[in-house]
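**Q** Shown below is the structure under consideration.
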Amino acid sequence: MNRRPIAAAARIVAAALLLALAAPGQQPLISLTGDAGLCTRSWDSSRGLPQNSVNALQQARDGAMWIATFGGLAQFDGRDWQTVDPASTPGLPESRVLALAEGPDGALWIGTEHGAVVRLVNGRVETITQFDGVAVAALHVLSETSVLAATPRDVFVVGRDGSVAPFAALPVPLVQAFAPCGELALAAGRSGLWRLGAGTAERLRAEPSRCLALFADGGIALGEDRGVVRAARLGEPFEPLRLPEPAAGEPVESLLVHEGALWIAAGARLLRCADGEPVEIARCARPIQT
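If you're matching positions, the sequence shown starts at 0 in numbering that gives the first Met the number 0 and goes up one per residue.
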């Protein structure tokens with residue numbers, strides 16, 4: 000099947016579209032409020048999604064988009080949808096998927112609400128491990144054979160052989176997002192911003208955050224409960240990024256840097272910040288959640 004690559008710039012727009020699901024008869028789902036040369040489409044459970052909640056997005060190397068929902072996984076190639084759930088895919092332990100990450104070998108690592116970590120390779124599920132009573136909120140691939148898995152208690156190194164070990168001696172709880180940086184990764188969540196090195200965890204900032212994005216010049220942006228803060232580089236002070244009302248008081252659920260511009264999903268609004276202040280691009284019928 001020929002895949003139609005989905006551009007990175009459209010990825011956060013796709014998140015907005017997938018999550019801005021209005022009740023039947025409520026229109027429009029998306030209204031463009033800025034001139035960014037965008038067009039919009041929306042999908043829900045009547046148009047291909049297995050369920051109307053989107054918890055994570057992962058673009059595969061072949062251009063296809065994986066969408067994690069509480070009704071299983073959906074794969075979208077730009078034209079057709081395919082659902083991956085326990086009914087269609089033996090070995091998948093549950094439908095409530097929270098976290099996705101693609102390995103260097105093309106395998107899709109999956110984390111679930113009830114603590115399962117599995118790999119999906121060529122349509123076949125490999126069970127890796129099961130955490131007891133905790134969700135796997137985020138994943139970060141280390142190699143073909145291991146990932147970081149974030150649970151409410153700590154960040155763990157999970158091996159393909161089923162091994163599980165705390166990443167560092169110091170617990171790193173309540174992580175919601177990872178981003179590659181330096182030797183390993185940055186981790187952001189309710190316990191603050193952490194720099195993860197070779198078996199070490201250093202907390203860089205104590206204030207809680209919801210998501211993060213890195214710039215090519217070393218800058219970093221954090222999405223918080225009420226807005227965005229940004230630093231020129233790690234180690235420098237974070238300063239608030241002024242968002243237009245009413246987005247200024249909304250929780251920020253997703254950030255993406257593309258071609259130097261910062262895309263921001265705040266409440267029910269999609270904003271873009273290039274050289275100056277953020278500009279609202281689109282408005283959704285309900286808050287964006289990823």
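From the three backbone atoms N, C-alpha and C, an ideal C-beta is built for every residue, glycine too.
Remember, it's a predicted structure, so these values are computed and weren't measured experimentally.
For the beta strand (DSSP E) that V174 lies in, which residues bound it at each end?
**A** First-last of the beta strand (DSSP E) with V174: 174-180.
**Q** How would you call V120, buried or exposed, if buried means at least 16 neighbouring beta carbons within 10 angstroms?
**A** Flag for V120 reads exposed.
**Q** Closer than 7 Å: is that where the CB of V163 sits relative to any heavy atom of the ligand GTP?
**A** In the structure on display, the ligand GTP does not appear, and there are no ligands present to speak of.
**Q** For the segment 203-217 against the segment 241-248, do three or more pairs of beta-carbon atoms, one drawn from each stretch, fall closer than 8 Å, so that the two count as touching?
**A** Segments in contact, no.
**Q** Going by beta-carbon coordinates alone, are L188 and L173 separated by less than 8 Å?
**A** Per the sequence presented here, residue 188 reads as Gly, with Leu not at that position. In this structure, L173 lies closer than 8 Å to G188 by Cβ.
**Q** Would you kindly report the start and end of the unbroken beta strand (DSSP E) that includes Q50?
**A** Element bounds for Q50: n/a, residue is neither H nor E.
**Q** Check whether the segment 222-230 touches the segment 178-186, taking contact to mean three or more Cβ pairs, one atom from each stretch, closer than 8 Å.
**A** The segment 222-230, when compared against the segment 178-186, does not touch it at the 8 Å Cβ threshold.
**Q** Specify, as a first and last residue, the run of the beta strand (DSSP E) that H257 falls within.
**A** Note, H257: beta strand (DSSP E), 251-257.
**Q** What is the rounded straight-line gap between the Cα of A14 and the Cα of H257?
**A** Summary for A14: the model assigns pLDDT 47, below 50, so the residue's position carries little reliability; its value from the coordinates is reported in the next sentence. If I take the Cα positions, the gap works out to 15 Å.
**Q** Apply the 10 Å Cβ neighbour rule to L192 and answer buried if 16 or more other Cβ atoms are within range, or exposed otherwise.
**A** Flag for L192 reads buried.
**Q** Could you check the C-alpha separation between S44 and N51 for me, to the nearest Å?
**A** Taking the straight line joining both Cα atoms gives about 6 Å.
**Q** Compute the Euclidean distance between the alpha carbons of A73 and A67, then round it to the nearest angstrom.
**A** Approximately 7 Å, taken between the alpha carbons.
**Q** Between which two residues does the beta strand (DSSP E) containing G244 stretch?
**A** One point to set straight first is that residue 244 is Glu, not Gly, in the sequence displayed. It is not in any beta strand (DSSP E) - E244 carries neither H nor E in the DSSP assignment.
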